[in-house]
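Participant:
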Amino acid sequence: MKGKLLEVKELVTDFTTDRGTFHVVDRISFDVEYGETVGLVGESGSGKSITSLSILGLIKPPGRIAGGSVLFEGDELTGKSPKEMGRIRGREMSMIFQEPMTSLNPVLTVGEQIAETVRLHQGLSSKEAMQRAVEMLKKVGIPMAETRVRQYPHQLSGGMRQRVMIAIALSCSPKLLIADEPTTALDVTIQAQILELMKSLNQNDGTGILLVTHDLGVVAEMCKKVIVMYAGQIVEQGPAYDIFRNPLHPYTEALLKSIP
Ligand code: ADP
Ligand code: MG
């Protein structure tokens with residue numbers, strides 16, 4: 001399917017501190033098309049995570065969306081109730097964050113955690129939900145899924161826990177996955193496996209992916225389109241091939257030089 005899955009238009013997100021109100025995200029506009037993997041890059045503090053959270057409706061005071069709009073499949077998200085946004089996050093768009101920032105519940109087995117998500121959003125019976133949990137673990141490449149599904153998070157490696165987080169995020173077959181630094185805390189081999197997994201999701205299921213990273217190497221490997229953020233603004237965006245060959249903004253040039 002072609003067309004716009006996500007449209008961000010002139011989005012502004014503010015934070016108010018005792019020093020004043022700041023545009024942390026400052027009038028940014030970009031699209032993600034159905035089935036596209038788009039890289040959102042920028043140095044630490046440039047506003048990538050706040051952009052992700054704004055799209056997902058997860059900005060809490062002292063932050064607030066101060067302007068612009070976010071459309072998902074043409075439907076305006078800004079201004080929707082928290083309950084409605086919760087429903088959309090469960091069914092239509094999903095997210096994974098940097099491990100170990102995203103945490104699994106230590107007292108539930110990984111199977112229970114996946115099953116709970118699908119039960120909640122898809123009304124499956126407990127037995128069906130557990131079967132789905134095993135399927136999801138297989139899908140994200142966890143060996144011996146039938147055994148792992150009964151284990152607790154501490155019995156898994158960091159890489160496996162991040163795969164479980166991905167399994168939870170994908171259990172509702174979202175149309176859009178927002179992955180915020182999903183591999184940053186993982187070692188290089190596991191990083192490569194997680195990226196492979198996201199690639200296959202994109203290719204096989206047509207999941208649209210907004211991949212947030214400070215690592216241009218990851219973008220070069222994964223994304224046809226790239227958005228470069230600097231100090232809350234988008235300084236350039238376009239086909240990755242063009243931006244890598246001919247960066248227009250000095251900041252992008254500096255970022256490119258940092259790739260080993
Ligand atoms: P990135 O993900 O690109 O590293 P963030 O989106 O997390 O950057 O942060 C962007 C800016 O927003 C930073 O300058 C940060 O200081 C500011 N910021 C984030 N959270 C808060 C908060 N709770 N209160 C005030 N400022 C915040
Ligand atoms: Mg961040």
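Counting in full-length UniProt numbering, the sequence shown runs from 1 upward without gaps. All C-beta atoms, glycine included, are put in the ideal place defined by N, C-alpha and C.
1) Nearest by alpha-carbon distance to Glu73: which of Glu92, Leu108 and Gln162 is it?
2) Is it true that the CB of Leu5 sits closer than 8 Å to the CB of Glu33?
3) Do you know how far the Cα of Gly20 is from the Cα of Pro62?
4) Using alpha carbons as the reference points, say which of Leu170, Glu221, Gly208 and Val226 lies closest to Pro247.
5) In the DSSP assignment, what residue or residues form a beta bridge with Ser94?
6) Assign Glu36 to one of three DSSP states: helix, strand, or coil.
7) Specify, as a first and last residue, the run of the alpha helix (DSSP H) that Met198 falls within.
8) Beta-carbon within less than 8 Å of Leu195's beta-carbon, same chain only, minus the 5 sequence neighbours each way: which residues are those?
9) Start and end of the beta strand (DSSP E) containing Leu11?
10) Would you call the stretch 52–71 and the stretch 7–19 in contact, with 3 or more CB pairs under 8 Å?
11) Let me know the beta strand (DSSP E) ranges lying completely inside the stretch 147–178, each 3 residues or longer, listed in chain order.
12) Under 5 Å from any heavy atom of ligand 1, by CB: list those residues in chain order, please.
13) Tell me whether Asp215, by its Cβ, gets closer than 7 Å to a heavy atom of ligand 2.
14) Can you tell me which of Gly111, Thr13 and Val41 puts its alpha carbon nearest to the alpha carbon of Ala254?
15) How many angstroms separate the CA atom of Tyr251 from the CA atom of Leu170?
16) CB Met130 to CB Gly111, shorter than 8 Å?
17) Take Arg132 and list the residues in its own chain whose beta-carbon comes closer than 8 Å to its own, dropping the five residues that flank it on each side.
18) Counting along the chain, where does the alpha helix (DSSP H) carrying Thr213 start and finish?
19) Look up Phe72 in the DSSP assignment and give the residues it is bridged to.
20) Is His249 helix, strand or coil by DSSP?
21) So, with DSSP's three-state summary, where would you put Pro106?
22) Going by DSSP, what residue range makes up the alpha helix (DSSP H) through Gly217?
23) Quick check: does the Cβ of Glu181 come within less than 7 Å of any heavy atom belonging to ligand 2?
24) Taking all protein chains shown into account, decide if Phe22 is buried (16 or more other Cβ within 10 angstroms of its Cβ) or exposed.
Facilitator: Result, derived from the coordinates:
1) Glu92
2) yes
3) 11 Å
4) Val226
5) Leu177
6) coil
7) Val188 to Ser200
8) Thr183, Val218, Glu221 and Met222
9) Lys4 to Thr17
10) yes
11) none
12) Phe15, Val24, Ser44, Gly45, Ser46, Gly47, Lys48, Ser49 and Ile50
13) no
14) Val41
15) 34 Å
16) yes
17) Ile114, Ala115, Val118, Leu124 and Ser171
18) Where Thr213 is concerned, there is no enclosing alpha helix (DSSP H), although the beta strand (DSSP E) it sits in stretches over Gly208 to Thr213.
19) Leu6 and Asp75
20) coil
21) coil
22) Leu216 to Met222
23) yes
24) exposed
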